[in-house]
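S.K.:
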Amino acid sequence: MVVRLATEADLPALKDIVLSGLSTDAIWRYAFPHNTPEASEYLDSVLKQCIDPQNTNWTVSVVEAPKTHQVVSLAIWQTLQEHEAEENSVANQLHRVLDLPTSSSSDKVAKRIAALQAAITQTQQTYLSRYGELMFLHAVITHPHWKRQGYAKLLVKQSLQVARSKGLVAAALASPFSGYVFYSGTSFSNCGRTTVEAVEGELDKLELQIMVNSPPPRPEARRSSIMDFLGGGSSKASTPDRRDSHDQQAAPDQRRSSFLDVFGFGTRRSSADNREALDARRSSHA
1 MVVRLATEAD LPALKDIVLS GLSTDAIWRY AFPHNTPEAS EYLDSVLKQC IDPQNTNWTV
61 SVVEAPKTHQ VVSLAIWQTL QEHEAEENSV ANQLHRVLDL PTSSSSDKVA KRIAALQAAI
121 TQTQQTYLSR YGELMFLHAV ITHPHWKRQG YAKLLVKQSL QVARSKGLVA AALASPFSGY
181 VFYSGTSFSN CGRTTVEAVE GELDKLELQI MVNSPPPRPE ARRSSIMDFL GGGSSKASTP
241 DRRDSHDQQA APDQRRSSFL DVFGFGTRRS SADNREALDA RRSSHA
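With UniProt numbering, the residue at position 263 of the sequence shown is 263, and numbering never jumps.
1. Tell me which residue opens and which closes the beta strand (DSSP E) that W146 is part of.
2. Classify R112: buried if its beta carbon has 16 or more other beta carbons within 10 angstroms, exposed otherwise.
3. For S187, I'd like the list of residues in its chain whose CB is within less than 6 Å of its CB, leaving aside the five on either flank, ordered along the chain.
4. First and last residue of the alpha helix (DSSP H) that includes F182?
5. Classify F32: buried if its beta carbon has 16 or more other beta carbons within 10 angstroms, exposed otherwise.
6. Pull up the distance between the alpha-carbon of A170 and that of I210, whole angstroms please.
7. List the endpoints of the continuous alpha helix (DSSP H) containing L14.
8. Would you decide whether residue 287 is buried or exposed? Buried here means 16 or more other CB atoms lie within 10 Å of its CB.
9. Measure the CB-CB distance between A26 and L14 and report whether it falls below 8 Å.
10. Are the CB atoms of I58 and Q78 nearer to each other than 8 Å?
11. Using 8 Å as the threshold, is the region 129 to 143 in touch with the region 62 to 78, meaning 3 or more CB pairs across them?
12. Of the residues R130, V140, R193 and S159, which one's Cα is nearest the Cα of A152?
13. Following the continuous beta strand (DSSP E) through Q54, name the residue where it begins and the one where it ends.
14. Does DSSP put S165 in a helix, in a strand, or in coil?
15. Please identify the residue among V72, G21 and V199 whose C-alpha is closest to the C-alpha of G179.
16. In angstroms, rounded to a whole number, what distance separates the CA positions of V3 and L116?
17. Looking at L11: is its Cβ nearer than 8 Å to the Cβ of V46?
18. So K205 and T194 are supposed to be a Cβ contact under 8 Å. How far apart are they, rounded?
19. Classify S225 as helix, strand or coil using the three-state DSSP reduction.
20. Within the continuous beta strand (DSSP E) that includes V72, where are the two ends?
21. Kindly identify the DSSP beta-bridge partner or partners of R193.
22. Please report the straight-line C-alpha distance between residue 287 and Y42, rounded to a whole angstrom.
23. Can the beta-carbon of T123 be found closer than 8 Å to that of L168?
24. May I have the straight-line CA-CA distance separating M1 from V60, to the nearest angstrom?
25. Rounded to a whole number of angstroms, what is the C-alpha to C-alpha distance between R164 and H34?
26. Taking the Cβ atom as the reference point for each residue, do L155 and V63 lie within a distance shorter than 8 Å?
27. Looking only at C-alpha atoms, which of E197, V162 and P176 sits nearest to residue 291?
28. Between the C-alpha atoms of S224 and L94, what's the straight-line distance to the nearest angstrom?
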């Protein structure tokens, strides 16, 4: 399997994957309840913006099938940093890519897209303010004919490796059922939920799960490992046991003999002391 960045030549395949793979997705159906030309037009606009080299904070990665080299799965990421300039705010970075084309005539669709953007922006701002930088996964989609072969998980795994190498937190919004199950199986944790409010004149609203993957803590912040428990790591000075404390308080010549001393393997007396003791025993027998 080949993983690479998408190019303009991939646009027809990318569009086919999205329209086929999201036909039953809750988020897509919220924005476009019906498969209309408007949905196709919107998708053309978004995909072109995502792969535009000028949009350097957007990335579209794809997987090719092993033998046919057909593009079968895609992932769309956005890298975010804090900017003081209003033109580079989180909301504006999102609007530049995800806004509905001006040629669109549906006011309801525009309102649904705006409601989705508001939920995404709120989530991005929350975790961006907490961590400073963020990789946001907007979509990971596999063509229905190629599902359950590990392509989507491969894309997420490689993208998370990039995030971890840069020390970035990765986040995504998942649909309540299939999306939540997928992200939970790719090292994301559920950190709450957000609601996409119903637009005026409609009853439908959408609850999404906030999924987050945090990089591992820096080495100096990690908790003691099993090696520390076994004495392999740095540890505090050991507290002397009762035996040691007794011996340390006594004079050197008054310390109790150790287990080895009992069997003659401890510290021995000097040879001069031994001769004096032997002469004393001989004198007593004379």
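The C-beta atom is built at its ideal place from N, Cα and C for all residues, glycine as well. No experiment lies behind these values; they were computed from the predicted model shown.
M.R.: According to the structure data:
1. Residue numbering aside, residue 146 sits at position 146 when the sequence shown is read from its first letter. Taken as a continuous stretch (DSSP letters only), W146 belongs to no beta strand (DSSP E), as it is neither H nor E.
2. Your numbering for residue 112 matches position 112 in the sequence shown. R112 should be labelled buried.
3. If you number the sequence shown from 1, residue 187 lands on position 187. If we look at S187 and ignore the five residues flanking it on each side, its Cβ neighbours are N213.
4. Translated into the one-based positions of the sequence shown, residue 182 becomes position 182. Residues S178 to S184.
5. The residue you call residue 32 lines up with position 32 of the sequence shown. By the 10 Å Cβ count, F32 comes out buried.
6. Locating residue 170 in the sequence shown gives position 170, counting from the first residue. Locating residue 210 in the sequence shown gives position 210, counting from the first residue. Cα to Cα, the separation comes out at about 11 Å.
7. As a working note, residue 14 is residue 14 in the sequence shown. That run of the alpha helix (DSSP H) goes L11 to G21.
8. The structure shown does not extend to residue 287, since the chain is modelled only from 1 to 286, so the question has no answer here.
9. Locating residue 26 in the sequence shown gives position 26, counting from the first residue. Locating residue 14 in the sequence shown gives position 14, counting from the first residue. Cβ distance not < 8 Å, so A26 and L14 don't count as in contact.
10. By 1-based counting over the sequence shown, the position of residue 58 is 58. By 1-based counting over the sequence shown, the position of residue 78 is 78. Correcting the residue identity first, residue 58 is Trp in this sequence and not Ile. A contact, by the Cβ cut-off of 8 Å.
11. yes
12. Within the sequence shown, the letter at position 152 stands for residue 152. Comparing Cα positions, the closest option is V140.
13. Residue 54 sits at position 54 when you count from the first residue of the sequence shown. Careful: Q54 lies outside any beta strand (DSSP E) and carries neither H nor E.
14. Within the sequence shown, numbered from 1, the residue matching residue 165 stands at position 165. Reduced to three states, the DSSP call for S165 is helix.
15. In the sequence shown, the residue the question calls residue 179 occupies position 179. Closest by alpha carbon: G21.
16. Along the sequence shown, one-based indexing puts residue 3 at 3. Along the sequence shown, one-based indexing puts residue 116 at 116. Roughly 29 Å between the two C-alpha positions.
17. Counting from 1 along the sequence shown, the entry for residue 11 is found at position 11. Counting from 1 along the sequence shown, the entry for residue 46 is found at position 46. It is not a contact, given that the beta carbons lie outside the stated cut-off.
18. Sequence index remark: in the sequence shown, residue 205 carries index 205 (1-based). Sequence index remark: in the sequence shown, residue 194 carries index 194 (1-based). 11 Å between Cβ atoms; not a contact.
19. Here residue 225 corresponds to residue number 225 of the sequence shown, with the count starting at 1. At S225 the pLDDT is 48, less than 50, meaning the model places this residue with poor confidence; the figure from the coordinates comes in the next sentence. In this structure, S225 counts as coil in the three-state DSSP scheme.
20. Locating residue 72 in the sequence shown gives position 72, counting from the first residue. Per DSSP, V72 belongs to the beta strand (DSSP E) from V71 to Q81.
21. Taking the sequence shown and counting its residues from 1, the one referred to as residue 193 is at position 193. In DSSP, R193 forms a bridge with Q209.
22. With the chain represented from 1 up to 286, any question about residue 287 goes unanswered, as that position is not in the structure.
23. For the purposes of this step, residue 123 is identified with residue 123 of the sequence shown, where counting begins at 1. For the purposes of this step, residue 168 is identified with residue 168 of the sequence shown, where counting begins at 1. It is not a contact, given that the beta carbons lie outside the stated cut-off.
24. In the sequence shown, the residue the question calls residue 1 occupies position 1. In the sequence shown, the residue the question calls residue 60 occupies position 60. In a straight line, the C-alpha of M1 is about 16 Å away from that of V60.
25. Counting from 1 along the sequence shown, the entry for residue 164 is found at position 164. Counting from 1 along the sequence shown, the entry for residue 34 is found at position 34. Near 39 Å, if we compare the C-alpha coordinates of H34 and R164.
26. As a first step, residue 155 is located in the sequence shown; it is residue number 155 there, counting from the start. As a first step, residue 63 is located in the sequence shown; it is residue number 63 there, counting from the start. A contact, by the Cβ cut-off of 8 Å.
27. Nothing in the structure corresponds to residue 291, since the chain is present only between 1 and 286.
28. Within the sequence shown, numbered from 1, the residue matching residue 224 stands at position 224. Within the sequence shown, numbered from 1, the residue matching residue 94 stands at position 94. Reliability of the predicted coordinates at S224 is poor, the pLDDT of 48 falling under 50, and the value obtained from them is presented with this limitation in mind. When rounded, the distance between both Cα atoms is 41 Å.
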